[in-house]
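Here the working numbering is used: the first residue of the sequence shown is 172, the next is one more, and so on. As structure tokens, the structure follows; a few thoughts come after it.
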Amino acid sequence: MFIKPRAFLLLVLPALQAFSQPLQQDMDVFAQRRAEFIKQLAPQSVAIFACKPEYIRNGDVEYEYRQESNFYYLSGFEEPESILLLNPAAERYRYILFVRRRNFSSETWQGAKAGIEGAMGTFRADTALTFQDFQKLAQTFLPKSGTLHYSFGINLKIDEMIREMFLEGPQGESWSVKDPAPILAEMRLIKNDGDWEMGFQKAIDISARAHVEAMKAIKPGMYEYEIQAVFEYVYRKSGSPRNGYPCIIGSGSNSGILHYDRNTRQMRDGEVVLMDCGAEYGYYSADITRTVPVNGKFTQEQRAIYQIVLDAQNAAIRMVKPGIIKSALDSAMMDVIGAGLIGLGFIKEKNDAQVFTLHGFSHWIGLEVHDVGKTIVNGKPRPLLPGMVFTLEPGIYVRPDVFDKLKDRKYTDEEIEKLRAELEKYMHIGIRIEDDIVVTETGQRNLSEAAPRDIDAIESLMKNGR
Ligand code: GLY
Ligand code: MN
Ligand code: MN
172 MFIKPRAFLL
182 LVLPALQAFS
192 QPLQQDMDVF
202 AQRRAEFIKQ
212 LAPQSVAIFA
222 CKPEYIRNGD
232 VEYEYRQESN
242 FYYLSGFEEP
252 ESILLLNPAA
262 ERYRYILFVR
272 RRNFSSETWQ
282 GAKAGIEGAM
292 GTFRADTALT
302 FQDFQKLAQT
312 FLPKSGTLHY
322 SFGINLKIDE
332 MIREMFLEGP
342 QGESWSVKDP
352 APILAEMRLI
362 KNDGDWEMGF
372 QKAIDISARA
382 HVEAMKAIKP
392 GMYEYEIQAV
402 FEYVYRKSGS
412 PRNGYPCIIG
422 SGSNSGILHY
432 DRNTRQMRDG
442 EVVLMDCGAE
452 YGYYSADITR
462 TVPVNGKFTQ
472 EQRAIYQIVL
482 DAQNAAIRMV
492 KPGIIKSALD
502 SAMMDVIGAG
512 LIGLGFIKEK
522 NDAQVFTLHG
532 FSHWIGLEVH
542 DVGKTIVNGK
552 PRPLLPGMVF
562 TLEPGIYVRP
572 DVFDKLKDRK
582 YTDEEIEKLR
592 AELEKYMHIG
602 IRIEDDIVVT
612 ETGQRNLSEA
622 APRDIDAIES
632 LMKNGR
């Protein structure tokens, strides 16, 4: 029987309708977020959010797609070629999604899309139109003037459309543009029930379990990428669609390269291996680092450095509660590290410890591994509040080259050479311990404590598998 292409499309598309359906309770969370966001806009405001573009990796292969975090945070909509429009003052169409048209030939290759029906049904848009119609039709839904909340720089093609529609020509006089990102950063900074329902803790649990399995697997002679494989196996097996960031598996001298992710070296007996690895789940990223001995038993020198880093981290964790400022945690960690390194003969004064610490000790986490949110507000450090989630990640890195930085701290060349020689036995020990901490009403909880940190616990796990 001959079927006209259009009729054929109608017959076949519903059969393909198995696009991955988000849970309806998740849709409640996105709706609450939109309501909360809208409350913070001035009257006569509209907000438009651009999707992330797709990027070609090579030939006709694209990089794995991930929706822009604010777009996802407000909608749960994960497809490219999409625009989210919020027009709170409208009578009827306050939430509009512009989405890809459903198309039999592309769905044959890539699976079903939400389409207009899915955008209005599953994703609860008041109406939906095709992405291609955005420029032609969006303005028919909007007032003639006001404040447009839009973040430039996410999608250059959509930026161009926005410029033409709102900024160029006579409309340029009628609209003022404001970046909505700061409002969303404040919302995203304080995690609430919605964030936990959407799986933030699960991202951390999956990652902690992967750290445990990695510790059990490590043996001298294995390659760093084999440990990466353990992490990624546990992530995928547990339902994490992708890593929060590339696995950092640094053994021996690589333990001193902060974001080393080539993971190609063979791990040797007597070295440490630093594993900074976190899964993504529900768009949330975990961020956990553990450093362990390749042969399962810390040497005396590794143990000494490790214990200083662990003591520093524990001192900071104990201090976390509402009202504390993050720089107080940094100072506490630096104090412990300074005293420890003086004790081992590395430095003369506590402040010199910075030569061996190399990076900041904390950042917010959430939808990004380095998440949004200000630490300084109105020129003042902001006190911690319940619901904030951040890492505590002190580290000490003993690399031959870092000793040179002691020159800036008034150590003579002779002193530096002497230190380098005396401390040779500590060389290539890079230790970082990183956990994900939530501020509670009364203190804090270590969300990643399922991955062991104590020396005895690590050695027992590596020896006995428990
Ligand atoms: N994994 C990157 C970091 O710890 O900040
Ligand atoms: Mn981190
Ligand atoms: Mn990390």
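We put the CB at the ideal spot given by N, CA and C, even for glycine.
Check: Please list the terminal residues of the continuous beta strand (DSSP E) segment that includes S347.; Outcome: W346 to K349
Check: Which partner residues of P464 appear in the DSSP bridge assignment?; Outcome: V443
Check: Tell me the rounded alpha-carbon separation between F312 and G415.; Outcome: 37 Å
Check: What residue range is occupied by the uninterrupted beta strand (DSSP E) comprising T546?; Outcome: Here T546 belongs to no beta strand (DSSP E), and DSSP marks it neither H nor E.
Check: Could I get the ranges of all uninterrupted alpha helix (DSSP H) runs contained in the stretch 311–382, with 4 residues as the minimum, in chain order?; Outcome: 327–333, 342–345, 352–360 and 364–368
Check: Using a threshold of 6 Å, is the CB atom of D199 nearer than that to any non-hydrogen atom of ligand 1?; Outcome: no
Check: Quick check: the Cα distance between A285 and K497, rounded to an integer number of angstroms?; Outcome: 43 Å
Check: How many Å lie between P185 and G247 at the Cα?; Outcome: Note that P185 has pLDDT 47, beneath the 50 cutoff, so the model's placement of it is unreliable and no number is given.
Check: Can you give me the C-alpha to C-alpha distance between V560 and N434, rounded to a whole angstrom?; Outcome: 29 Å
Check: Would you check if the stretch 379–399 and the stretch 620–629 touch, i.e. whether three or more CB-CB distances between them fall below 8 Å?; Outcome: yes
Check: In whole angstroms, give me the CA-to-CA distance for I476 and N485.; Outcome: 14 Å
Check: Taking only the alpha-carbon atoms, compute the straight-line gap between R228 and T279 and give it to the nearest angstrom.; Outcome: 22 Å
Check: Sorry if obvious, but does the Cβ on E630 come closer than 6 Å to a heavy atom of ligand 2?; Outcome: no
Check: Please report the distance separating the alpha-carbon of S240 from that of V540.; Outcome: 11 Å
Check: Select from E520, H320, G453 and V444 the residue whose C-alpha is nearest the C-alpha of P412.; Outcome: G453
Check: What are the boundary residues of the beta strand (DSSP E) that includes V610?; Outcome: D606 to V610
Check: Flag D447 as yes when its Cβ comes closer than 6 Å to any non-hydrogen atom of ligand 3, and as no otherwise.; Outcome: yes
Check: Considering Cα atoms alone, identify which of L338, I329 and G494 is closest to T546.; Outcome: G494
Check: DSSP three-state call for Q615: helix, strand or coil?; Outcome: strand
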